[in-house]
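Q: Below is the structure I would like to discuss, written out as structure tokens.
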Amino acid sequence: MLRLFRLAQREPRLGLLVLDNLVTTLGASFTLLALPFLVMRLSGRALDLGVTAAIETLPSLCLLLFFPRWLDRTDPLRVLRRCRLIFVGINLAICLLTWHGAMSIGIVYLAALIGGIVWAIAFPAGRAVFPLYVRKGLVPAGNAALALISGAAAVMLPLVAGSLVLGTRGDEGLAIAFGIDALCVAVSLPLLVAIGRRGCIRQTTAAVKDRDVVNAASTIPRRFYAYLLVSSLIVFGPVQVLLPIVLVERHDARYLLAYVAQFAGIALASSLDTLAGADIRQVIRRILACWGVAVLGYLTLATSQDLLPVLLAFFLLAAASNVYGIQSQSWLQTTAPAHRLGQEMTWLSATTLGATPVAALLAGALVDAFHIATATTVIALGIVVAIACAAFRRPLPAILKE
């Protein structure tokens, strides 16, 4: 944290972006906990939770398919500010309707659709803003700081939000949770304005004199996104559903320490050096190494459900997931040319944000069909097959040569 404060003093834009992430993460933690409670109170069916998640994530895939270059023709920071304004309106409307008992599952679906469309634009826009307003050398450190903040929030904030939601009668606690999210997003708007006033560091499309030369020299290989997609679908996506299942099955408060183990893994990942300026071959090698660590985590979880093996498993999975995430995102943000950042971040959004719910759905189906030990073994074998395909289906140098 001391290093982060020093970096923020050297680069005020980085400090403002980290503060923006902290504020919005605080608000989002309340909505992420309150929304499932609201859906279950309205319909009582777990299926509606899956439908809501699917509605929210579908727009990101549509954006990639039909408008992949749209963000490259706009100012990502301005787009992000407008998306935040819409988020304030959505959350405030849900807050008021919930407070007055006027919510219905249909309104939830409508809010999820509008929010999903806005989020499909806001997520890649936010990822594009970071390398445009922060010097390349500080992008990896900034991503590591954001990962650490998100990890701390994942451990602490659900306890606070849960106390609010469960500690009030009726729907008042849910309404307050959505109101807090709206307030946090509103607070983030002046921060974005302050970032914009300090000016953009990297050149935008208008400043690029020879687009053909730049395109030929710095196009991101699409194979890179294939590795991201496999990471989301098979390797790291199932983790978000496995931990709640373990907690429910064991029904032991000691297993909540798994969240602390995950935070320890995130802290370790954020302290490692990055390969932001590396060759694509080095980045892919590190991704495959993270897959190997994930195999160890899943096999540890498969062999024993006792406390210590479970803690070790989720530590390994969190460390591997965040090393992969920080490394791949930092490399992409610092390698992609400024005039293509919007398109590349849209690909990133679709292969990560859009694919993760599908991974959770598949993992849940595996656990329903088999015991969790068998399901985690199947996932581990799937990762081994993916590593083998990357290494042996074609010679490794040929695969890594872009």
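All residue numbers for the sequence shown refer to the working numbering, where the first residue is 20 and numbers rise by one. Positions of the beta carbon are idealized from the N, C-alpha and C atoms, including for glycine. Predicted model only: the values in this text are computed from it and were never measured.
Have a look at T43, A172, Q348 and flag the residue whose alpha-carbon is nearest the alpha-carbon of A286.
A: Closest by alpha carbon: A172.
Q: With G161 and L33 assumed to form a contact (beta carbons below 8 Å), what rounded beta-carbon distance in angstroms separates them?
A: Their Cβ separation, rounded to whole angstroms, is 5 Å, which keeps G161 and L33 in contact under 8 Å.
Q: Are the beta-carbon atoms of A143 and S347 separated by less than 8 Å?
A: Sequence inspection shows Pro at residue 143; the Ala mentioned does not correspond to that position. No, these two residues do not count as a Cβ contact at 8 Å.
Q: Rounded to whole angstroms, how far is the Cβ of L202 from the Cβ of S48, which I believe are closer than 8 Å?
A: The Cβ separation is near 13 Å, so there is no contact.
Q: If I measure Cβ to Cβ from R100 and keep anything under 6 Å in the same chain, skipping five residues before and after, which residues do I get?
A: Only L211 meet the Cβ criterion.
Q: Would the segment 325–345 and the segment 297–313 be scored as touching if the rule is three or more Cβ pairs under 8 Å?
A: Taking 8 Å as the limit for Cβ pairs, the verdict is that the segment 297–313 does touch the segment 325–345.
Q: Per the contact definition of three or more C-beta pairs closer than 8 Å, is the segment 55–66 in contact with the segment 105–123?
A: The segment 105–123, when compared against the segment 55–66, does touch it at the 8 Å Cβ threshold.
Q: Are there 16 or more other CB atoms within 10 angstroms of the CB of T322, so buried, or fewer, so exposed?
A: Exposed, since its Cβ has fewer than 16 Cβ neighbours within 10 Å.
Q: Hey, would you say I398 sits closer than 8 Å to Y278, going by beta carbons?
A: Going by C-beta atoms, I398 is not nearer than 8 Å to Y278.
Q: Give the straight-line distance between the Cα atoms of L96 and A166, rounded to the nearest whole angstrom.
A: One C-alpha to the other measures close to 21 Å.
Q: Beta-carbon separation of A194 and L52 under 8 Å?
A: In this structure, L52 does not lie closer than 8 Å to A194 by Cβ.
Q: Taking the CB atoms as reference points, tell me whether L183 and G189 lie closer together than 8 Å.
A: For L183 and G189, no; Cβs fall outside 8 Å.
Q: Please state the DSSP three-state secondary structure of A338.
A: Here A338 sits in helix by DSSP.
Q: What number of angstroms, rounded off, separates the C-alpha of S169 from the C-alpha of A112?
A: C-alpha separation (whole angstroms): 26 Å.
Q: Taking all protein chains shown into account, decide if F149 is buried (16 or more other Cβ within 10 angstroms of its Cβ) or exposed.
A: Flag for F149 reads buried.
Q: To the nearest angstrom, report how far apart A388 and S251 are at their CA atoms.
A: Those two C-alpha atoms are separated by around 21 Å.
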